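J.: My structure is below; once you've seen it, I'll send some questions.
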Amino acid sequence: MEPADRPAATADWRAFGSTLWRQYRAARTRTTLTVIALTSAVFLLQVVATWVTGAPSVRALTAVLYLEGGDTVFLLSPFLHRGIPHFVSNVLVLLVLAPQERHFSPGGYWLFLVGGLALALGTGYAVLLAYSPASNVAVYGISGLGYALGGFALTRAIGDPEGRSELDLIAAVIGGSSVLTVAVNVLTTLPQTPASVNGGHVSGLVFGLVVGVLWRHGPAVPGDADAS
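Counting from 40, one number per residue, gives the positions in the sequence shown under this note's numbering.
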(Lines of atoms letter the chains of each structure in order from A; the text may use other names.)
(Lines give C-alpha, C1' and ligand atoms only; values in the text may rest on other atoms or scores of the structure.)
Protein backbone atom coordinates (compact mmCIF):
# COMPACT_ATOMS: atom_id res chain seq x y z
CA MET A 40 0.00 0.00 0.00
CA GLU A 41 1.33 3.39 -0.96
CA PRO A 42 1.63 6.07 1.78
CA ALA A 43 -1.08 8.14 0.11
CA ASP A 44 -3.46 5.18 0.32
CA ARG A 45 -3.17 4.63 4.07
CA PRO A 46 -6.42 5.02 6.01
CA ALA A 47 -6.84 8.50 7.43
CA ALA A 48 -7.33 7.11 10.96
CA THR A 49 -3.96 5.35 10.84
CA ALA A 50 -2.24 8.49 9.64
CA ASP A 51 -3.91 10.49 12.41
CA TRP A 52 -2.71 8.07 15.08
CA ARG A 53 0.81 8.12 13.67
CA ALA A 54 0.78 11.92 13.74
CA PHE A 55 -0.53 11.89 17.31
CA GLY A 56 2.18 9.47 18.40
CA SER A 57 4.82 11.57 16.69
CA THR A 58 3.55 14.69 18.46
CA LEU A 59 3.67 12.95 21.84
CA TRP A 60 7.22 11.80 21.21
CA ARG A 61 8.39 15.29 20.20
CA GLN A 62 6.77 16.82 23.27
CA TYR A 63 8.30 14.17 25.52
CA ARG A 64 11.79 14.75 24.16
CA ALA A 65 11.41 18.53 24.52
CA ALA A 66 10.18 18.37 28.13
CA ARG A 67 12.42 18.62 31.18
CA THR A 68 12.40 15.16 32.79
CA ARG A 69 15.90 14.83 34.23
CA THR A 70 14.95 14.78 37.91
CA THR A 71 12.18 12.22 37.46
CA LEU A 72 14.43 10.02 35.33
CA THR A 73 17.09 10.24 38.04
CA VAL A 74 14.55 9.01 40.60
CA ILE A 75 13.60 6.18 38.21
CA ALA A 76 17.27 5.25 37.76
CA LEU A 77 17.81 5.16 41.52
CA THR A 78 14.68 3.05 41.99
CA SER A 79 15.87 0.67 39.28
CA ALA A 80 19.32 0.36 40.86
CA VAL A 81 17.83 -0.47 44.26
CA PHE A 82 15.49 -3.06 42.75
CA LEU A 83 18.39 -4.65 40.89
CA LEU A 84 20.21 -4.96 44.22
CA GLN A 85 17.09 -6.58 45.67
CA VAL A 86 17.05 -9.13 42.85
CA VAL A 87 20.77 -9.88 43.23
CA ALA A 88 20.45 -10.20 47.01
CA THR A 89 17.50 -12.57 46.59
CA TRP A 90 19.61 -14.80 44.36
CA VAL A 91 22.72 -14.66 46.56
CA THR A 92 20.87 -15.38 49.81
CA GLY A 93 18.59 -18.02 48.35
CA ALA A 94 15.49 -16.16 49.54
CA PRO A 95 12.26 -17.57 48.04
CA SER A 96 11.27 -14.23 46.51
CA VAL A 97 12.10 -10.54 46.41
CA ARG A 98 9.11 -9.92 48.64
CA ALA A 99 10.39 -12.38 51.24
CA LEU A 100 13.83 -10.79 51.17
CA THR A 101 12.33 -7.32 51.63
CA ALA A 102 10.34 -8.52 54.65
CA VAL A 103 13.56 -9.79 56.23
CA LEU A 104 15.26 -6.47 55.50
CA TYR A 105 12.57 -4.63 57.42
CA LEU A 106 12.89 -6.98 60.37
CA GLU A 107 16.69 -6.93 60.57
CA GLY A 108 17.96 -4.01 58.51
CA GLY A 109 17.46 -1.16 60.95
CA ASP A 110 16.68 2.47 60.16
CA THR A 111 18.55 2.42 56.83
CA VAL A 112 15.84 0.22 55.32
CA PHE A 113 13.17 2.75 56.22
CA LEU A 114 15.14 5.47 54.43
CA LEU A 115 15.13 3.25 51.33
CA SER A 116 11.38 2.57 51.60
CA PRO A 117 10.37 4.59 48.51
CA PHE A 118 12.80 2.67 46.32
CA LEU A 119 12.08 -0.88 47.52
CA HIS A 120 9.55 -3.08 45.72
CA ARG A 121 8.01 -6.46 46.42
CA GLY A 122 8.51 -7.95 42.96
CA ILE A 123 8.80 -7.35 39.23
CA PRO A 124 5.11 -6.44 38.60
CA HIS A 125 5.17 -3.92 41.48
CA PHE A 126 8.41 -2.38 40.21
CA VAL A 127 7.52 -2.30 36.51
CA SER A 128 4.04 -0.81 36.99
CA ASN A 129 5.38 2.00 39.20
CA VAL A 130 8.28 2.82 36.89
CA LEU A 131 6.08 2.87 33.77
CA VAL A 132 3.69 5.34 35.41
CA LEU A 133 6.60 7.61 36.38
CA LEU A 134 8.03 7.42 32.85
CA VAL A 135 4.73 8.55 31.34
CA LEU A 136 4.24 11.31 33.93
CA ALA A 137 7.85 12.51 33.94
CA PRO A 138 7.15 15.51 31.62
CA GLN A 139 4.93 17.03 34.33
CA GLU A 140 8.24 18.07 35.87
CA ARG A 141 8.44 20.90 33.34
CA HIS A 142 5.56 22.71 35.03
CA PHE A 143 7.71 23.31 38.13
CA SER A 144 10.90 25.20 38.77
CA PRO A 145 13.76 22.73 39.49
CA GLY A 146 13.73 23.61 43.19
CA GLY A 147 9.96 23.54 43.36
CA TYR A 148 9.89 20.08 41.80
CA TRP A 149 12.31 18.72 44.39
CA LEU A 150 10.01 20.07 47.10
CA PHE A 151 7.08 18.37 45.38
CA LEU A 152 8.95 15.05 45.21
CA VAL A 153 10.17 15.08 48.79
CA GLY A 154 6.87 16.35 50.15
CA GLY A 155 4.82 13.83 48.20
CA LEU A 156 7.01 10.86 49.15
CA ALA A 157 7.20 11.84 52.82
CA LEU A 158 3.44 12.33 53.03
CA ALA A 159 2.69 9.06 51.23
CA LEU A 160 5.01 7.01 53.44
CA GLY A 161 3.94 8.75 56.63
CA THR A 162 0.25 8.27 55.93
CA GLY A 163 0.79 4.67 54.84
CA TYR A 164 2.48 3.86 58.12
CA ALA A 165 -0.11 5.80 60.12
CA VAL A 166 -2.97 3.76 58.64
CA LEU A 167 -1.24 0.44 59.28
CA LEU A 168 -0.13 1.33 62.79
CA ALA A 169 -3.65 2.46 63.64
CA TYR A 170 -5.60 -0.46 62.19
CA SER A 171 -3.33 -3.42 61.41
CA PRO A 172 -3.25 -6.23 64.00
CA ALA A 173 0.31 -7.10 62.94
CA SER A 174 3.12 -6.09 65.27
CA ASN A 175 5.46 -5.31 62.37
CA VAL A 176 4.28 -3.28 59.39
CA ALA A 177 6.10 -2.02 56.32
CA VAL A 178 5.26 0.52 53.63
CA TYR A 179 7.43 0.68 50.55
CA GLY A 180 7.39 1.51 46.84
CA ILE A 181 7.46 4.65 44.69
CA SER A 182 3.76 4.49 43.79
CA GLY A 183 2.85 7.39 46.10
CA LEU A 184 4.85 9.68 43.83
CA GLY A 185 3.03 8.34 40.78
CA TYR A 186 -0.32 9.11 42.38
CA ALA A 187 0.90 12.60 43.34
CA LEU A 188 2.00 13.34 39.77
CA GLY A 189 -1.24 11.91 38.39
CA GLY A 190 -3.33 14.06 40.70
CA PHE A 191 -1.31 17.13 39.80
CA ALA A 192 -1.65 16.43 36.07
CA LEU A 193 -5.42 16.07 36.36
CA THR A 194 -6.23 19.28 38.21
CA ARG A 195 -3.59 21.32 36.39
CA ALA A 196 -5.00 20.24 33.01
CA ILE A 197 -8.54 21.09 34.11
CA GLY A 198 -7.49 24.49 35.45
CA ASP A 199 -5.33 25.46 32.47
CA PRO A 200 -7.14 24.28 29.32
CA GLU A 201 -5.24 26.68 27.06
CA GLY A 202 -1.85 25.54 28.31
CA ARG A 203 -2.34 21.78 28.21
CA SER A 204 -0.65 19.76 25.51
CA GLU A 205 -1.45 16.32 24.13
CA LEU A 206 1.07 14.94 26.61
CA ASP A 207 -0.76 16.67 29.44
CA LEU A 208 -4.04 15.10 28.32
CA ILE A 209 -2.51 11.62 28.54
CA ALA A 210 -1.20 12.46 32.01
CA ALA A 211 -4.64 13.76 33.02
CA VAL A 212 -6.22 10.46 31.94
CA ILE A 213 -3.78 8.64 34.22
CA GLY A 214 -4.73 11.07 36.97
CA GLY A 215 -8.39 10.30 36.44
CA SER A 216 -7.73 6.57 36.62
CA SER A 217 -5.80 7.18 39.85
CA VAL A 218 -8.84 8.91 41.36
CA LEU A 219 -11.02 5.95 40.37
CA THR A 220 -8.54 3.43 41.78
CA VAL A 221 -8.28 5.22 45.11
CA ALA A 222 -12.05 5.68 45.34
CA VAL A 223 -12.65 1.95 44.78
CA ASN A 224 -9.99 1.03 47.33
CA VAL A 225 -11.41 3.34 50.01
CA LEU A 226 -15.07 2.51 49.42
CA THR A 227 -14.53 -1.26 49.40
CA THR A 228 -12.13 -1.53 52.35
CA LEU A 229 -12.76 1.34 54.76
CA PRO A 230 -16.04 0.09 56.28
CA GLN A 231 -14.80 -3.37 57.28
CA THR A 232 -11.01 -3.57 56.85
CA PRO A 233 -9.53 -0.07 57.23
CA ALA A 234 -6.02 -1.51 57.41
CA SER A 235 -6.42 -2.38 53.72
CA VAL A 236 -6.81 1.26 52.74
CA ASN A 237 -3.66 2.27 50.89
CA GLY A 238 -2.83 5.43 52.80
CA GLY A 239 0.16 6.15 50.58
CA HIS A 240 -1.97 6.21 47.45
CA VAL A 241 -4.70 8.31 49.07
CA SER A 242 -2.36 10.94 50.51
CA GLY A 243 -0.16 11.06 47.41
CA LEU A 244 -3.18 11.61 45.18
CA VAL A 245 -4.72 14.28 47.43
CA PHE A 246 -1.36 16.07 47.66
CA GLY A 247 -1.04 16.13 43.86
CA LEU A 248 -4.63 17.27 43.35
CA VAL A 249 -4.16 20.17 45.77
CA VAL A 250 -0.85 21.24 44.24
CA GLY A 251 -2.47 21.14 40.80
CA VAL A 252 -5.33 23.36 41.97
CA LEU A 253 -2.89 25.85 43.49
CA TRP A 254 -0.49 25.71 40.53
CA ARG A 255 0.27 28.97 38.80
CA HIS A 256 1.96 29.25 35.43
CA GLY A 257 5.46 30.63 35.82
CA PRO A 258 7.84 32.18 33.30
CA ALA A 259 8.93 29.94 30.46
CA VAL A 260 12.25 28.16 30.89
CA PRO A 261 14.35 27.71 27.72
CA GLY A 262 14.11 24.14 26.45
CA ASP A 263 10.96 23.34 28.44
CA ALA A 264 8.37 24.34 25.85
CA ASP A 265 6.22 21.68 24.23
CA ALA A 266 7.13 20.80 20.68
CA SER A 267 4.14 21.05 18.43
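C-beta atoms are modelled at their ideal positions from N, C-alpha and C, and glycine is treated no differently.
All values derive from a computational prediction rather than experimental measurement.
To the nearest angstrom, how far is it from the Cα of residue 253 to the Cα of residue 71?
T.: By 1-based counting over the sequence shown, the position of residue 253 is 214. By 1-based counting over the sequence shown, the position of residue 71 is 32. Straight-line Cα distance between these residues: approximately 21 Å.
J.: Using the beta-carbon count (16 or more within 10 Å), is residue 209 buried or exposed?
T.: Indexing the sequence shown from 1 puts residue 209 at position 170. Counting Cβ neighbours within 10 Å, residue 209 comes out buried, since at least 16 surround it.
J.: Residue 189 and residue 247: beta carbons closer than 8 Å?
T.: One-based indexing of the sequence shown puts residue 189 at position 150. One-based indexing of the sequence shown puts residue 247 at position 208. Contact flag set, yes.
J.: With three or more C-beta pairs closer than 8 Å as the rule, is the stretch 196-216 touching the stretch 132-143?
T.: Result yes; three or more Cβ-Cβ pairs closer than 8 Å.
J.: Apply the 10 Å Cβ neighbour rule to residue 276 and answer buried if 16 or more other Cβ atoms are within range, or exposed otherwise.
T.: Limits of the chain in this structure are 40 at one end and 267 at the other, which puts residue 276 out of reach.
J.: My output table needs one value for residue 254: the three-state DSSP class, helix, strand or coil.
T.: On the sequence shown, position 215 is the one that residue 254 refers to. The answer is coil: DSSP assigns residue 254 none of H, G, I, E or B.
J.: Do the stretch 91-107 and the stretch 169-177 make contact, defined as three or more Cβ pairs closer than 8 Å?
T.: Touching, yes, given that three or more Cβ pairs across the two stretches are closer than 8 Å.
J.: Let me check understanding here. Comparing Cα to Cα, which of 158, 118 and 200 lies closest to residue 84?
T.: As a working note, residue 84 is residue 45 in the sequence shown. Closest by alpha carbon: 118.
J.: At which residue ranges does the stretch 132-190 contain complete alpha helix (DSSP H) runs of 4 or more residues, listed in the order of the chain?
T.: Counting whole runs of 4 or more residues, the stretch 132-190 contains the alpha helix (DSSP H) stretches 145-170.
J.: I believe residue 147 touches residue 239 by the beta-carbon criterion, under 8 Å. Please report the beta-carbon distance rounded to the nearest angstrom.
T.: For the purposes of this step, residue 147 is identified with residue 108 of the sequence shown, where counting begins at 1. For the purposes of this step, residue 239 is identified with residue 200 of the sequence shown, where counting begins at 1. The pair is not a contact, with the Cβ atoms about 22 Å apart (cut-off 8 Å).
J.: Is the distance from the Cβ of residue 215 to the Cβ of residue 159 below 8 Å?
T.: Here the question's residue 215 lines up with position 176 in the sequence shown. Here the question's residue 159 lines up with position 120 in the sequence shown. In this structure, residue 159 does not lie closer than 8 Å to residue 215 by Cβ.
J.: Quick one: is residue 227 buried, meaning 16 or more other Cβ sit within 10 Å of its Cβ, or exposed?
T.: In the sequence shown, counting from the first residue as 1, residue 227 sits at position 188. With fewer than 16 Cβ atoms within 10 Å of its Cβ, residue 227 is classed as exposed.
J.: If contacts are defined as beta-carbon pairs under 8 Å, then residue 68 and residue 205 qualify, I think. What distance do you get, rounded to the angstrom?
T.: The residue labelled residue 68 in the question sits at position 29 within the sequence shown. The residue labelled residue 205 in the question sits at position 166 within the sequence shown. Not quite, the Cβ-Cβ distance comes to about 16 Å (not below 8 Å), so this is no contact.
J.: Just to confirm the assignment, what range does the alpha helix (DSSP H) spanning residue 223 have?
T.: The residue given as residue 223 occupies position 184 in the sequence shown. Taken as a continuous stretch (DSSP letters only), the alpha helix (DSSP H) holding residue 223 covers 205-228.
J.: Between which residues of its own chain and residue 170 is the CB-CB distance below 7 Å, once the five residues before and five after are set aside?
T.: Taking the sequence shown and counting its residues from 1, the one referred to as residue 170 is at position 131. Closer than 7 Å at Cβ, skipping near neighbours: 233 and 234.
J.: Ignoring anything shorter than 4 residues, give me the alpha helix (DSSP H) runs that lie fully in the stretch 63-101, in order along the chain.
T.: Here the runs fully enclosed are 69-92.
J.: How far does the alpha helix (DSSP H) with residue 112 in it extend, from its first residue to its last?
T.: Here residue 112 refers to the residue found at position 73 of the sequence shown. Taken as a continuous stretch (DSSP letters only), the alpha helix (DSSP H) holding residue 112 covers 110-114.
J.: Can residue 130 and residue 75 be called in contact, C-beta distance under 8 Å?
T.: The residue given as residue 130 occupies position 91 in the sequence shown. The residue given as residue 75 occupies position 36 in the sequence shown. Their beta carbons are under 8 Å apart, which means residue 130 touches residue 75 by this criterion.
J.: Do you know offhand how far residue 255's Cα is from residue 200's?
T.: Counting from one through the sequence shown, the residue named residue 255 turns up at place 216. Counting from one through the sequence shown, the residue named residue 200 turns up at place 161. Residue 255 and residue 200: Cα-Cα distance of roughly 13 Å.
J.: To which residues of the same chain is residue 89 closer than 6 Å at the C-beta, ignoring the five residues directly before and after it?
T.: Taking the sequence shown and counting its residues from 1, one reaches residue 89 at position 50. For residue 89, where only same-chain residues beyond five positions count, the Cβ hits under 6 Å are 97 and 100.
J.: What's the call for residue 192, buried or exposed, on a 16-neighbour Cβ count within 10 Å?
T.: Numbered from its first residue, the sequence shown carries residue 192 at position 153. Classification for residue 192: buried.
J.: Given residue 55, which residues of its chain have a CB within under 6 Å of its CB, disregarding the five upstream and five downstream residues?
T.: On the sequence shown, position 16 is the one that residue 55 refers to. Within the same chain, residue 55 has no close Cβ partners at all.
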